Amino acid sequence: MERSTNWRWERPVLGIESSCDETAAAVVVDGRICSNIRYSQTEHSLYGGVVPELASRDHVRKIVPVVSRALKDAGVGLGDLGGISVTQGPGLVGCLLVGISYAKGLAAGASLPLLGVHHIEGHLLAGVLSNPSLEPPLVALVASGGHTDLILVSDWGAYEMLGRTRDDAAGESFDKVAKMLELLEEGQTVMGGPAVSRAAVGGNPAAFDFPRGLMNVDGFDFSFSGLKTSVLYTLRDRSPEQNAESLSDIAASFEAAVVEVLAEKSLAAAEAAGTGTLLVTGGVAANGRLRQTLTSSALARGVEVVFPTSELCTDNAAMIAAVGGFRLGRGERSGMNLNANPRMELPGIRGMKR
Ligand code: KG4
Ligand code: ZN
2 MERSTNWRWE
12 RPVLGIESSC
22 DETAAAVVVD
32 GRICSNIRYS
42 QTEHSLYGGV
52 VPELASRDHV
62 RKIVPVVSRA
72 LKDAGVGLGD
82 LGGISVTQGP
92 GLVGCLLVGI
102 SYAKGLAAGA
112 SLPLLGVHHI
122 EGHLLAGVLS
132 NPSLEPPLVA
142 LVASGGHTDL
152 ILVSDWGAYE
162 MLGRTRDDAA
172 GESFDKVAKM
182 LELLEEGQTV
192 MGGPAVSRAA
202 VGGNPAAFDF
212 PRGLMNVDGF
222 DFSFSGLKTS
232 VLYTLRDRSP
242 EQNAESLSDI
252 AASFEAAVVE
262 VLAEKSLAAA
272 EAAGTGTLLV
282 TGGVAANGRL
292 RQTLTSSALA
302 RGVEVVFPTS
312 ELCTDNAAMI
322 AAVGGFRLGR
332 GERSGMNLNA
342 NPRMELPGIR
352 GMKR
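First residue of the sequence shown: 2, per the numbering used here; consecutive thereafter.
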């Protein structure tokens, strides 16, 4: 594949993201973010996790105002756009379909090029939105609510899977532990990571010796389900009073276990691949402890570690517009038969498939 050091496109691209519980739209021109609007759903807090049917309905309510606002904030009309990109997958099918249907309608109405894009490629390109000089080859850790992938990026668009979680995603384990610790608040999002981090403040990260899944096993796969179960058993085996007393210690010890594995495996992958650069992206990359740990240990190991800004780590549409700019600029287009692909594979991926 020809090398694509220039992932940017000088035409404005409207990106639309609706794969889970955020309705988001953004305009990106030539790698510059002109607007980035995100509405985060909160009704799921009553149920402790995203309810797909409710999520789809909320996207239907929010997609029109969110897109209008993104265009208005960017100071562009549909006629100024070079194209529209929309998340095609992976994600919840009913949620994806809302964004896709709306994007199709806009593209057809304004005779604009349309492209369905991969959500995880969005997380990868969030790296260059924050750090325009970032250039492959690099190793990327994508840690989100649905994925924990270590990917060798030999070029934008040319990827190799080095390792991935065998069970829960890192973000999913934060979400489940937040629920166990009863940290999710009514009327808030069900994103457990920030709640666990807040609870961990002042806690002793060495108070509980939670398991580090696959830490001493060769290869770059992850496993977080044993850690989650260990937290569950710890809570079950102690009294409610003891648990309340050690809340910050449990949260800090859990967070330390996740961070240690993510940091160690991704640094080892960057060293093994010899790329010298590690991009850490996806919602979990917003975690303060992970950022600190990686920043301090990477230097000594000769690896440069790069994070998107926290805002661009969690789901957003600027990253979807960035992928749109990259691929629309190369002439790629989707037809009006574009359909949601809940289990979509990253385009250009080589390596293991499960
Ligand atoms: O990338 P993202 O916004 O959505 C998905 O594609 O899944 O990631 C959301 C995940 C959630 O599991 C959330 O708990 C986690 O990222 N997350 C965090 C933090 N902020 C978000 N995990 C740990 N620490 C954080 N500060
Ligand atoms: Zn995501």
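Ideal Cβ positions, reconstructed from N, Cα and C, are used throughout, including at glycine. The structure displayed is predicted, hence computed values, not measured ones.
Measuring CB to CB, does residue i end up less than 8 Å from residue j?
i: V52; j: H45; result: yes
i: H119; j: L347; result: yes
i: V14; j: L98; result: no
i: G284; j: T315; result: yes
i: S267; j: L151; result: yes
i: A27; j: A286; result: no
i: G164; j: D222; result: yes
i: A200; j: S254; result: no
i: S226; j: D168; result: yes
i: N342; j: G90; result: yes
i: T235; j: A264; result: no
i: S57; j: G95; result: yes
i: W8; j: F327; result: yes
i: P206; j: A257; result: yes
i: L1; j: G84; result: No answer is possible for residue 1: the residues shown for the chain start at 2 and end at 355.
i: M216; j: V281; result: no
i: W157; j: P133; result: no
i: S198; j: G289; result: yes
i: V259; j: L300; result: no
i: R12; j: I38; result: no
i: H148; j: A170; result: yes
i: L107; j: L79; result: yes
i: G172; j: L184; result: no
i: Y160; j: I350; result: yes
i: L130; j: S20; result: no
State the DSSP-derived secondary structure class of residue i, mapped to helix, strand or coil.
i: M216; result: coil
i: C21; result: coil
i: R355; result: At R355, the pLDDT of 46 sits below 50, so the modelled position is not reliable and the matter cannot be decided from this model.
i: D210; result: coil
i: L47; result: helix
i: E3; result: Residue confidence for E3 is low, a pLDDT of 44 falling below 50, so the modelled location carries little weight; the figure read from the coordinates is stated next. E3: coil per DSSP, three-state reduction.
i: D250; result: helix
i: G275; result: coil
i: E261; result: helix
i: E161; result: strand
i: N338; result: coil
i: L185; result: coil
i: P343; result: coil
i: R9; result: coil
i: V52; result: coil
i: V191; result: coil
i: E357; result: No statement about residue 357 is possible, as the shown extent of the chain runs from 2 to 355 and does not include it.
First and last residue of the alpha helix (DSSP H) that includes residue i?
i: N205; result: Where N205 is concerned, there is no enclosing alpha helix (DSSP H), given that its DSSP letter is neither H nor E.
i: R290; result: 289 to 301
i: L233; result: 226 to 237
i: S311; result: 311 to 314
i: S174; result: 171 to 181
i: G325; result: 319 to 330
i: E242; result: 241 to 246
Can you check DSSP and say which residues form a bridge with residue i?
i: S198; result: Beta-bridge pairing links S198 to no other residue.
i: L268; result: Note: L268 sits in no beta bridge, so no partner.
i: L281; result: Per the sequence presented here, residue 281 reads as Val, with Leu not at that position. Answer is L142.
i: F223; result: T166
i: S41; result: E23
i: S155; result: Its beta-bridge partners do not exist; DSSP assigns none.
i: R33; result: V30
i: I14; result: It should be pointed out that residue 14 corresponds to Val in this sequence rather than to Ile. According to DSSP, which records beta bridges pairwise, V14 is partnered with V29, G84.
i: I350; result: Y160
Could you please give the first and the last residue of the uninterrupted beta strand (DSSP E) stretch that includes residue i?
i: E305; result: 305 to 307
Can you find a CB in chain C that lies within less than 8 Å of the CB of residue i?
i: A341; result: The chain inventory of the structure shown lacks chain C, comprising one protein chain alone.
>> Extract the residue ranges of the alpha helix (DSSP H) inside the region 125 to 149, only unbroken runs of 4 or more that lie entirely within it.
In response: Runs of the alpha helix (DSSP H) inside the region 125 to 149: none found.
> Can you list the alpha helix (DSSP H) stretches of 4 or more residues lying completely in the region 73 to 131, in chain order?
Replying inline: Segments of the alpha helix (DSSP H) lying fully in the region 73 to 131: 94 to 110, 120 to 131.
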